[in-house]
Amino acid sequence: MKGIVKRFPGVLANDHVDFELRPGEIHALLGENGAGKSTLMNVLAGLYKQDAGIIKVRGRQLEFSSPRDAIKAGIGMVHQHFMLVPSQTVTENILLGLDDPRFLMRLNEYDKKIADLGDRFGLKVDPRAKIWQLSVGEQQRVELLKMLYRGADVLIMDEPTAVLAPQEIDGLFDTLRSMIAQGKSVIFISHKLHEVSTIADRVSVLQRGRVTASGVPAKGVSKQELARLMVGREVVLFVDKKPKAAGDVILDVREVHAENDKGLPALRGLSLNVRAGEIVGIAGVAGNGQIELSQVIAGLRKCKQGDVTLNGDKVSNRDTLFGIQHGMSYVPEDRTHVGSSPNLSETDNVIMKNYRKPPISKGSMLDMNAATKFAKELKEAYDIIVPTVNTPVRLLSGGNLQRVILAREISGHPNFMVAVQPTRGLDVGAIEGVHRLLLTQREADAAVLLISEELEELLALSDRVYVIYEGKIMGEVKVESTEPDQGLIEAIGLMMTGTPLEQIQKEGAASNG
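Residue numbers (my numbering): 3 to 515.
Have a look at this one:
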């Protein structure tokens with residue numbers, strides 16, 4: 003790819019980007035959220051048409067007007083959010099879109115072909131299983147098989163580990179190495195420095211649409227240097243979490259049952275607690291009840307049974323205002339529809355929780371000068387990139403919108419905070435700042451419930467971690483160090499895939515005996 007330019011209204015997503023992929027390599031494309039990584043790869047995959055620049059495949063200049071054109075050239079993309087039909091089988095999903103209109107008459111033949119392909123690349127999955135019956139890791143294998151079946155020699159993986167447990171990540175890496183050994187090439191889009199160092203042969207870095215490092219050997223560059231190339235300054239990558247004794251129970255969740263939006267059980271008798279002066283993490287593969295748990299606590303979802311108490315007062319099945327009045331702060335996963343009002347300005351969004359209080363409020367009137375001053379202070383403190391504080395937040399990038407929400411929630415000095423994916427969409431520099439802020443809440447004796455799909459983040463920040471699977475707590479572990487041993491990580495990974503802690507401990511005792 004040479005001189006790729008891609009513009010969107012008001013945004014230059016790719017600014018004359020060069021990118022080269024060699025046969026038989028894993029080339030990591032690293033950058034903060036909004037740096038232009040996915041845009042560049044969507045151009046290569048035929049989803050977007052570049053405004054300038056050329057694409058050459060094996061020396062031939064090609065024009066892609068659709069993903070079908072890219073597939074014909076041997077380029078396939080596995081997106082972060084899978085594109086599968088839940089009610090259909092693995093084979094049917096893989097064959098969808100192919101030119102043969104009679105494949106339904108020969109499904110047994112295709113089942114065998116797909117099973118053989120899976121065996122070849124270490125992607126074992128039952129061809130006759132329906133997608134809804136598969137784990138997230140198995141669904142990812144189907145997406146890979148879909149591309150391999152179409153003859154892809156170049157596989158673009160967009161944040162492939164975001165939805166996987168640790169053991170599934172190891173399995174994915176083994177699969178990628180198998181592909182490379184058989185002549186395939188992989189572009190590995192990520193923002194996780196440790197994964198890039200583990201799996202990649204070379205690394206390119208994008209920062210705000212421009213290349214800051216091109217094809218450097220992954221083994222010859224440190225995580226600190228990669229972080230600096232991503233954000234343009236030195237970044238502290240370790241978390242300084244000082245030992246601290248926890249206080250009284252602030253949040254108490256007891257035997258809570260709740261349903262998801264489809265009316266199916268999401269929480270099944272779940273219990274946990276968070277004490278003053280501690281951060282408690284919730285680990286789990288996406289879709290196992292974490293979001294419903296946060297919504298029940300915040301008053302956004304009713305629970306069928308059980309109780310949630312905050313500072314001794316029952317908050318379950320009460321409205322969100324009740325929780326706010328009792329010192330609760332909430333950073334939701336859905337920043338656009340739940341965490342903000344998209345058509346209102348940054349100023350309007352950051353004063354939502356304190357517009358009734360001085361100095362923002364003077365009697366029954368808003369003091370817009372005070373509101374503007376407050377918004378400008380938060381803009382600087384939280385590095386919110388926005389033309390003016392009067393700009394509607396719907397025009398902000400996802401990362402900047404998350405900064406607006408964090409600024410509003412943390413600046414209110416809550417005594418309890420539930421934070422759902424608080425660093426999603428933020429660069430490593432901003433993540434460093436959010437981590438510091440969460441630890442500051444801990445030092446101030448606030449209780450923090452941290453729900454994250456980043457296990458490294460949970461282990462670095464949390465004093466305790468609960469592991470959730472299908473709406474149940476599989477176990478609770480204490481985190482004694484910001485760099486926990488591999489045994490703890492493996493145990494958490496097993497719990498994330500449905501093995502209770504008690505069973506892990508029994509099997510461990512039996513093997514030691």
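Each residue gets a CB set at the ideal place from its N, CA and C atoms; glycine is no exception.
**Item:** Where Leu463 falls, given that 16 or more other Cβ within 10 Å makes a residue buried
**Value:** Start at 1 with the first residue of the sequence shown, and residue 463 comes out as number 461. Looking at its Cβ environment, which holds 16 or more other Cβ atoms inside 10 Å, Leu463 is buried.
**Request:** For the beta strand (DSSP E) holding Leu14, just list the boundary residues, first then last.
**Result:** As a first step, residue 14 is located in the sequence shown; it is residue number 12 there, counting from the start. 13 to 19 is the span of the beta strand (DSSP E), which, as asked, contains Leu14.
**Message:** Let me make sure I understand the geometry here. Which of Glu140, Leu136, Leu150, Tyr112 has the alpha-carbon closest to that of Phe123?
**Reply:** Here residue 123 corresponds to residue number 121 of the sequence shown, with the count starting at 1. If we check each option's Cα against that of Phe123, Leu150 comes out closest.
**Straight-line gap, Asp447 to Ala268 (C-alpha atoms, nearest Å)** = Position 445 of the sequence shown, counted from the first residue, corresponds to residue 447. Position 266 of the sequence shown, counted from the first residue, corresponds to residue 268. Distance between the alpha carbons of Asp447 and Ala268 is about 31 Å.
**Item:** Strand pairing of Thr91, partner residues [DSSP]
**Value:** As a first step, residue 91 must be located in the sequence shown, where it is residue number 89. BP columns for Thr91 point to Lys132.
**Asked** For Leu461, does the count of other Cβ atoms within 10 angstroms reach 16, so buried, or fall short, so exposed?
**Response** Sequence index remark: in the sequence shown, residue 461 carries index 459 (1-based). Leu461 comes out buried.
**Request:** Less than 8 Å between the CB atoms is what I'm expecting for Ser347 and Asn392, so what's the real figure, rounded?
**Result:** For the purposes of this step, residue 347 is identified with residue 345 of the sequence shown, where counting begins at 1. For the purposes of this step, residue 392 is identified with residue 390 of the sequence shown, where counting begins at 1. About 5 Å separates the two Cβ atoms, so the contact holds.
**Rounded separation between Ile77 and Val481 - CA only** = By 1-based counting over the sequence shown, the position of residue 77 is 75. By 1-based counting over the sequence shown, the position of residue 481 is 479. Going by the C-alpha atoms only, they are around 43 Å apart.
**Message:** DSSP three-state label for Asn319, please.
**Reply:** To locate residue 319, count along the sequence shown from 1; it is residue 317. DSSP places Asn319 in coil when its eight states are reduced to three.
**Prompt:** For Asn44, does the count of other Cβ atoms within 10 angstroms reach 16, so buried, or fall short, so exposed?
**Reply:** For the purposes of this step, residue 44 is taken as residue 42 along the sequence shown, with counting starting at 1. With 16 or more other CB atoms across the displayed protein chains lying within 10 angstroms of its CB, Asn44 is buried.
**Asked** When the Cβ atoms of the stretch 164 to 173 are set against those of the stretch 138 to 145, are three or more pairs found closer than 8 Å?
**Response** The stretch 164 to 173 makes contact with the stretch 138 to 145, as at least three CB pairs between them are under 8 Å.
**Asked** For the alpha helix (DSSP H) that contains Ile601, what are its first and last residues?
**Response** This structure leaves residue 601 out entirely; the chain is present only between 3 and 515.
**Message:** Under DSSP, the beta strand (DSSP E) around Glu22 begins and ends at which residues?
**Reply:** Position 20 of the sequence shown, counted from the first residue, corresponds to residue 22. No beta strand (DSSP E) contains Glu22, which DSSP labels as neither H nor E.
**Prompt:** Cβ of Glu482 less than 7 Å from any chain C Cβ?
**Reply:** The structure shown contains no chain C; it holds only a single protein chain.
**Asked** What are the boundary residues of the alpha helix (DSSP H) that Arg438 is part of?
**Response** Numbered from its first residue, the sequence shown carries residue 438 at position 436. Start and end: 430 to 445.
**Asked** Residue range of the alpha helix (DSSP H) that Asp113 falls in?
**Response** Looking up residue 113 in the sequence shown gives position 111. Counting along the chain, the alpha helix (DSSP H) containing Asp113 begins and ends at 109 to 123.
**Asked** Expressed to the nearest angstrom, what Euclidean distance is found between the alpha-carbon atoms of Met181 and Glu161?
**Response** Here residue 181 refers to the residue found at position 179 of the sequence shown. Here residue 161 refers to the residue found at position 159 of the sequence shown. The alpha-carbon separation between Met181 and Glu161 amounts to approximately 18 Å.
**Message:** Quick check: Gly33 and Ala15, are their CB atoms within less than 7 Å of each other?
**Reply:** Numbered from 1 along the sequence shown, position 31 holds the residue referred to as residue 33. Numbered from 1 along the sequence shown, position 13 holds the residue referred to as residue 15. Not in contact: Gly33 and Ala15 (Cβ atoms no closer than 7 Å).
**Item:** Residues bridged to Phe190 (per DSSP)
**Value:** Working through the sequence shown from its first residue, we reach residue 190 at position 188. Answer is Ala30, Met159.
**Prompt:** Would you report the Cα separation of Lys126 and Asp118, rounded to the nearest angstrom?
**Reply:** Start at 1 with the first residue of the sequence shown, and residue 126 comes out as number 124. Start at 1 with the first residue of the sequence shown, and residue 118 comes out as number 116. Their Cα atoms are separated by approximately 9 Å.
**Request:** Please name the residue in Pro168, Ser454, Tyr384, Leu441 whose C-alpha comes closest to that of Asp242.
**Result:** As a first step, residue 242 must be located in the sequence shown, where it is residue number 240. Closest option to Asp242, judged by alpha-carbon separation, among Pro168, Ser454, Tyr384, Leu441: Leu441.
**Prompt:** Would DSSP call Met497 helix, strand or coil?
**Reply:** Taking the sequence shown and counting its residues from 1, one reaches residue 497 at position 495. Under the three-state reduction of DSSP, Met497 is assigned to helix.
**Asked** Leaving out five residues before and five after Arg257 in sequence, what residues of the same chain have Cβ atoms less than 7 Å from its Cβ?
**Response** Position 255 of the sequence shown holds residue 257. Per the sequence presented here, residue 257 reads as Glu, with Arg not at that position. Gly271, Ser273, Gln307, Gly308.
**Request:** Identify every residue that forms a DSSP beta bridge with Leu272.
**Result:** On the sequence shown, residue 272 is found 270 positions in, with the first residue counted as 1. Looking at the DSSP assignment, Leu272 forms a beta bridge with Val258.
**Asked** Which residues in the same chain as Arg410 place their Cβ atom closer than 7 Å to its Cβ, once the five residues preceding and following it in sequence are excluded?
**Response** For this step, residue 410 is matched to residue 408 along the sequence shown. So the list reads Asn351, Val352, Met354, Lys355, once near-sequence residues are dropped.
**Inter-stretch contact (C-beta, 8 Å, three-pair minimum) for the stretch 204 to 224 and the stretch 55 to 72** = Contact between the stretch 204 to 224 and the stretch 55 to 72 is absent: fewer than 3 CB-CB pairs across the two stretches fall below 8 Å.
**Prompt:** Terminal residues of the continuous beta strand (DSSP E) containing Asp309?
**Reply:** Counting from 1 along the sequence shown, the entry for residue 309 is found at position 307. Here the beta strand (DSSP E) through Asp309 covers 307 to 312.
**Asked** With a Cβ-Cβ cutoff of 7 Å, do Met159 and Phe190 count as a contact?
**Response** Along the sequence shown, read from residue 1 onward, the residue named residue 159 stands at position 157. Along the sequence shown, read from residue 1 onward, the residue named residue 190 stands at position 188. Taking 7 Å as the Cβ cut-off, Met159 and Phe190 qualify as a contacting pair.
**Item:** Residue interval of the alpha helix (DSSP H) (run including Tyr151)
**Value:** For the purposes of this step, residue 151 is taken as residue 149 along the sequence shown, with counting starting at 1. Residues 138 to 151.
**Prompt:** Going by beta carbon distance, what residues of the same chain come within less than 8 Å of Met497, once the five residues before and after it are set aside?
**Reply:** As a working mapping, residue 497 is identified with position 495 in the sequence shown. Closer than 8 Å at the Cβ level, and outside the excluded window around Met497, lie Ala285, Val469, Tyr471, Met476, Gly477, Leu503, Ile506.
**Asked** Who are Pro334's beta bridge partners in DSSP?
**Response** As a first step, residue 334 must be located in the sequence shown, where it is residue number 332. Looking at the DSSP output, Pro334 bridges to nothing.
**Prompt:** If you draw a straight line from the alpha carbon of Ser192 to that of Ser206, how long is it in whole angstroms?
**Reply:** For this step, residue 192 is matched to residue 190 along the sequence shown. For this step, residue 206 is matched to residue 204 along the sequence shown. Counting only the Cα atoms, Ser206 lies some 11 Å from Ser192.
**Request:** Just grab the DSSP bridge partners of Gly78 for me.
**Result:** Residue 78 sits at position 76 when you count from the first residue of the sequence shown. Beta-bridge annotation (DSSP): Gly78 is paired with Leu157.
**Prompt:** Who are the Cβ neighbours of Lys359 in its own chain at under 8 Å, not counting the five residues just before and after it?
**Reply:** Stepping through the sequence shown from its first residue, residue 359 is reached at position 357. Once the five neighbours on either side are set aside, Lys359 has no close Cβ partner at all.
**Request:** Identify which residue in Leu398, Gln209, Ile281 has its Cα closest to the Cα of Val450.
**Result:** What you label residue 450 is simply residue 448 of the sequence shown in a count that begins at 1. Put simply, of Leu398, Gln209, Ile281 the residue whose alpha carbon is nearest the alpha carbon of Val450 is Ile281.
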